[in-house]
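>
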Amino acid sequence: MEVKGRSIVTFGAPLEVSNYPLRPQTKEEQDRLDQVAKRRVIEIQEAKDRRELLDSHSKDQQAEGADEETQEQQEEQDSITLQGSAAERFGILKSMFYSQFELHSREQKINQIVLLQDSIRHIKTGFNKAFNEVYKKKDQEMSKIRERNLRVKKIVSDLGLPTAVSDPNFVAVEKPELLFTVSDSEVTVEKYLTPEQQKKLVEERQAEEDRLRRERLDNWRERGLDKMMGGVLEVHKEDELKKDIPKPAFMINKQETEWNEEERKAAEDYERRVRELQEEREKYRKQLEAELKKLQGLTEDNMTSFDQELRQLFSLKVKTQSAVVHEELKIYRLRLALLIEEELSVREQELASQLTKRRAALEDLGPLIDRSRKLVKTQDEQIQYAKSDNEYMEKNFSAFKKEFPEISAAMADTLHKMYKKKLPQLKIKAGLGEAPFNPYGNRPTTASRQEGARQALGQVLREQDDERHMPSGLDAHVWQRFCQLRRAKREKELLIGDMTLALSEFQAFVTKRESEYNQMQSDAENLKLLQEQLANQRAQFANNLEVQLLVKQGQVEVEPRDDFIIDFADSLLLSRGVVEDLNSKIKTLGEAKVRFMEEAKDSKKTFRRLEWELRGMRMDAEDLINKLRDINSFKITREIQRYLSTEDYDGLINSEIQKLDQAIELMKKHHAKMIEMKQARLKELSEVKSGQLAKKNERLDAELEEMNVGVNERVHIEETNAEKRDESHAAKKRYEQILQRQRLVDLAKAQAKEVAVLRAEVERLRMRTFPALVHTK
1 MEVKGRSIVT FGAPLEVSNY PLRPQTKEEQ DRLDQVAKRR VIEIQEAKDR
51 RELLDSHSKD QQAEGADEET QEQQEEQDSI TLQGSAAERF GILKSMFYSQ
101 FELHSREQKI NQIVLLQDSI RHIKTGFNKA FNEVYKKKDQ EMSKIRERNL
151 RVKKIVSDLG LPTAVSDPNF VAVEKPELLF TVSDSEVTVE KYLTPEQQKK
201 LVEERQAEED RLRRERLDNW RERGLDKMMG GVLEVHKEDE LKKDIPKPAF
251 MINKQETEWN EEERKAAEDY ERRVRELQEE REKYRKQLEA ELKKLQGLTE
301 DNMTSFDQEL RQLFSLKVKT QSAVVHEELK IYRLRLALLI EEELSVREQE
351 LASQLTKRRA ALEDLGPLID RSRKLVKTQD EQIQYAKSDN EYMEKNFSAF
401 KKEFPEISAA MADTLHKMYK KKLPQLKIKA GLGEAPFNPY GNRPTTASRQ
451 EGARQALGQV LREQDDERHM PSGLDAHVWQ RFCQLRRAKR EKELLIGDMT
501 LALSEFQAFV TKRESEYNQM QSDAENLKLL QEQLANQRAQ FANNLEVQLL
551 VKQGQVEVEP RDDFIIDFAD SLLLSRGVVE DLNSKIKTLG EAKVRFMEEA
601 KDSKKTFRRL EWELRGMRMD AEDLINKLRD INSFKITREI QRYLSTEDYD
651 GLINSEIQKL DQAIELMKKH HAKMIEMKQA RLKELSEVKS GQLAKKNERL
701 DAELEEMNVG VNERVHIEET NAEKRDESHA AKKRYEQILQ RQRLVDLAKA
751 QAKEVAVLRA EVERLRMRTF PALVHTK
């Protein structure tokens with residue numbers, strides 16, 4: 001395939017656009033196309049030269065105007081012809097095609113089909129170019145999205161979001177080569193390995209592990225990187241923000257009350273650095289979220305932009321497919337015309353062949369009929385002669401009497417009766433034997449039948465000539481003479497019968513040939529008529545061309561009589577404006593009907609609204625009655641009496657509120673004074689207690705230093721006298737040290753409890769001086 005079939009799928013909407021698969025053109029197709037193109041160029045040039053020649057010979061203005069009008073009509077005709085297809089929108093030259101009104105010859109139609117096929121190929125190739133550009137753009141967009149997704153994945157991992165980021169990839173319809181590629185995720189069965197392969201795989205894995213271990217042991221690059229740059233080549237801000245600020249040791253080992261001024265400053269500095277770190281982390285987190293939104297927005301914008309471009313490509317595909325279908329429809333119509341023309345040609349050849357055969361048969365059958373008529377006439381004359389001889393023989397029987405005068409009159413009458421007696425029915429045997437009659441078997445010929453008749457007659461005559469049938473008293477020589485005369489008469493009758501039979505067969509043959517001749521003449525006339533009709537049909541088909549027109553967009557309005565429409569003879573080709581005018585009238589009447597229905601609906605709504613208002617008013621009346629009943633039964637309190645007796649009740653309420661506000665202000669001032677007094681007392685107590693604790697801590701620090709000096713001296717002495725050291729004495733010393741440390745710990749706990757008691761006392765004193773507002777009902 002020169003162009004393999006593939007598709008493009010959108011990122012979001014389920015839209016798929018495919019290209020046009022194309023086969024490579026063969027050398028025969030290319031040669032045929034070149035030949036048709038060259039021939040068409042020659043024809044166009046010849047038509048142009050002929051038109052210029054006609055223009056040069058035209059001298060008057062009227063002829064020139066007529067030529068211009070003819071040229072305009074020709075151009076208009078070409079434009080109308082090319083409206084049968086939308087191929088001109090895709091850069092197809094209309095000058096190379098024949099006009100639909102000029103496709104009369106078979107060669108022109110075949111050349112037009114070749115040109116239309118090349119036009120379809122050019123249209124598909126142009127669309128495939130646009131398809132490839134969009135395909136490359138999608139590949140580029142996917143590459144950009146993958147690059148952004150790398151940063152998105154890093155941001156998602158830094159923010160700790162559970163969002164899964166997937167990279168876009170081509171599917172099988174977009175990249176058919178994937179159908180022949182098997183990924184590891186598609187293989188669900190574990191690969192089988194022979195024991196030798198497993199052993200080799202284990203050895204390779206062990207060798208790789210040994211190599212990596214040796215590299216880790218003696219990797220001077222990594223050691224230098226760890227020593228000089230902390231194990232990294234570049235310090236990233238996010239890595240620094242992930243590190244926590246180490247907490248000072250005194251904040252872990254000491255209570256807050258035991259801190260000195262330097263430790264307090266260090267703690268404040270630590271908290272300030274922690275706050276700054278949290279602020280930096282929060283700021284960095286917001287930056288990452290903003291960057292993430294920006295990257296996701298860019299990705300969505302790119303996807304949306306590509307989807308929009310793919311929709312435009314889909315619109316182009318629809319228009320391209322429309323143009324391709326128009327061209328293919330032209331090709332199908334031309335092929336149908338060629339097929340019909342070929343059928344008409346074949347039918348015309350068949351009719352010509354049949355007519356030639358009929359005429360040849362008539363030419364052979366005419367002389368045969370004439371000869372047969374002559375034979376019938378001759379045979380009829382011979383039969384008449386034979387019948388005359390037979391009648392003459394019957395009339396001249398008296399000559400037999402004269403030849404034998406000795407015969408009596410009675411004997412002569414007897415012989416005359418025997419002479420005139422008819423023969424019995426002859427049983428003719430034509431060699432068929434006793435076989436049953438078969439209508440489909442071979443029938444005996446006339447000669448065989450005549451021979452059988454002669455044999456049967458001879459047998460009957462021999463039977464009759466027997467002396468047993470001779471009348472008594474008749475001489476033998478008279479009987480023989482009588483038998484000769486009777487045999488001659490019987491043979492003449494048999495000859496007349498054979499001739500009559502032959503005459504009937506001749507007449508039947510002539511009648512049959514005459515009917516065949518008449519039928520052939522009728523068939524020839526019908527064939528001639530069909531040939532003329534076919535010639536008219538072929539001329540009408542060649543002149544009455546079927547033209548494809550590209551009309552305005554509309555719809556087919558046909559009333560279906562059956563499930564499927566196959567006849568559009570009663571259909572009308574209407575302009576879209578007529579349908580739109582009719583639709584506008586229908587829409588106007590429909591809107592009027594809708595307005596009337598809305599008015600009826602509004603009247604019903606008004607009626608129901610009035611009913612609802614009536615019900616509401618009745619319910620309001622019931623509520624007023626209930627309120628009047630409640631007012632009548634209502635008890636008047638002092639506050640109500642006060643409200644009724646006071647003219648300016650709101651002013652009275654406002655004055656009371658102002659008095660209450662003044663009282664609240666006085667209470668707040670008193671509370672503030674008490675707080676100041678308590679805080680001053682608390683400060684005094686805190687300074688006294690803190691001074692005492694500071695002195696006590698100083699004394700304890702001095703004792704601790706002395707004890708540390710003593711311990712260090714003893715450790716030094718013990719180390720110098722390590723060989724003479726007594727194990728029991730060392731254990732006792734360690735025990736004393738543990739006890740001393742335990743006493744110090746207990747002392748620190750006691751001091752902490754005392755500080756807690758003092759704090760509780762301060763809080764209690766503060767709460768005693770705090771004002772409390774009690775609401776009375």
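Residue numbers in the sequence shown follow full-length UniProt numbering, run continuously in steps of one, and reach 777 at the last position.
C-beta: ideal position from N, C-alpha, C; glycine also.
With a threshold of 16 other CB atoms inside 10 Å of the CB of D661, please say whether the residue is buried or exposed.
exposed
> What's the call for I657, buried or exposed, on a 16-neighbour Cβ count within 10 Å?
Exposed is the call here.
> With DSSP collapsed to three states, give me the class of I8.
strand
> What are the partner residues of L22, as DSSP defines its beta bridges?
Looking at the DSSP assignment, L22 forms a beta bridge with V3.
> Given this structure, state the Cα-to-Cα distance separating N302 from S322, to the nearest angstrom.
Those two C-alpha atoms are separated by around 30 Å.
> Count the CB pairs spanning the stretch 333-344 and the stretch 41-51 that are closer than 8 Å, and state whether there are at least three.
The stretch 333-344 is not in contact with the stretch 41-51.
> Among Q354, N544 and L545, which residue has its Cα nearest to the Cα of A524?
Q354
> I need the boundaries of the alpha helix (DSSP H) containing I664, first residue and last residue.
Y649 to T720 is the span of the alpha helix (DSSP H), which, as asked, contains I664.
> Just to confirm, are A172 and L179 a CB contact at a threshold of 7 Å?
yes
> Are there three or more Cβ pairs, one per stretch, closer than 8 Å when the stretch 241-255 is compared with the stretch 114-123?
no
> Looking at Q117 and Y98, is the spacing between their C-beta atoms short of 7 Å?
no
> Out of R743, S690, T163 and Y20, which has the shortest C-alpha to C-alpha gap to V755?
Of the candidates R743, S690, T163 and Y20, the one whose C-alpha sits nearest the C-alpha of V755 is S690.
> CB H326 to CB S85, shorter than 7 Å?
Cβ atoms of H326 and S85: closer than 7 Å.
> Using the Cα positions of R699 and E705, report the straight-line distance between them to the nearest angstrom.
10 Å
> Determine the extent of the alpha helix (DSSP H) in which I126 is found, giving its start and end residues.
With the sequence shown as reference, residue 126 is identified as Gly, and Ile is not the correct amino acid for it. Segment R106 to L159, the alpha helix (DSSP H) holding G126.
> Counting pairs of beta carbons, one from the stretch 138-149 and one from the stretch 21-37, are three or more of them closer than 8 Å?
Flag = no, the stretch 138-149 and the stretch 21-37 do not touch.
> On the DSSP bridge list, what partners appear for E16?
V9
> Quick check on the burial criterion: 16 or more other C-beta atoms within 10 angstroms. Buried or exposed for A87?
buried
> Please work out which residues of its chain come closer than 8 Å, Cβ to Cβ, to Q108, disregarding the five sequence neighbours upstream and downstream, and give them in chain order.
Y98 and E102
> Would you report the Cα separation of Y332 and V114, rounded to the nearest angstrom?
Using only the alpha carbons, I get a separation of about 12 Å.
> Under a three-way DSSP split, which group does W479 fall into?
helix
> Could you tell me the boundaries of the alpha helix (DSSP H) in which R642 lies?
R638 to S645
> Thinking just about the alpha-carbon of each residue, which of I383, K191 and V165 is nearest to the one in L292?
Minimum Cα distance to L292 is reached at V165.
> Do V9 and P21 have their CB atoms nearer than 7 Å?
no
> Taking R759 as the reference, which of N721, L682 and F596 has the closest Cα?
L682
> Taking contact to mean 3 or more Cβ pairs, one atom from each stretch, closer than 8 Å, check whether the stretch 304-318 and the stretch 145-163 are in contact.
no
> Taking all protein chains shown into account, do 16 or more other C-beta atoms lie within 10 angstroms of the C-beta of I653, making it buried, or fewer, making it exposed?
exposed
> Given a threshold of 16 other Cβ atoms within 10 Å of its Cβ, counted over all protein chains shown, does R609 qualify as buried or as exposed?
exposed
> Run through DSSP, which three-state label would T81 get?
Bear in mind that the predicted position of T81 carries a pLDDT of just 44, short of 50, making it unreliable; the figure below should be weighed with that in mind. Three-state result, T81: helix.
> State yes or no: is the C-beta of F506 within less than 7 Å of the C-beta of L368?
no
> Inspect the beta-carbon positions of L298 and I155 and report whether they are closer than 7 Å.
no
> May I have the straight-line CA-CA distance separating V762 from I636, to the nearest angstrom?
53 Å
> Please state if the CB of A361 and the CB of M520 are separated by a distance shorter than 7 Å.
For M520 and A361, yes; Cβs fall inside 7 Å.
> Counting along the chain, where does the alpha helix (DSSP H) carrying F250 start and finish?
Taken as a continuous stretch (DSSP letters only), the alpha helix (DSSP H) holding F250 covers A249 to N253.
> Do you know offhand how far V745's Cα is from E258's?
13 Å
> Tell me which same chain residues have a C-beta within less than 8 Å of the C-beta of G91, skipping the five on either side of it?
H122 and G126
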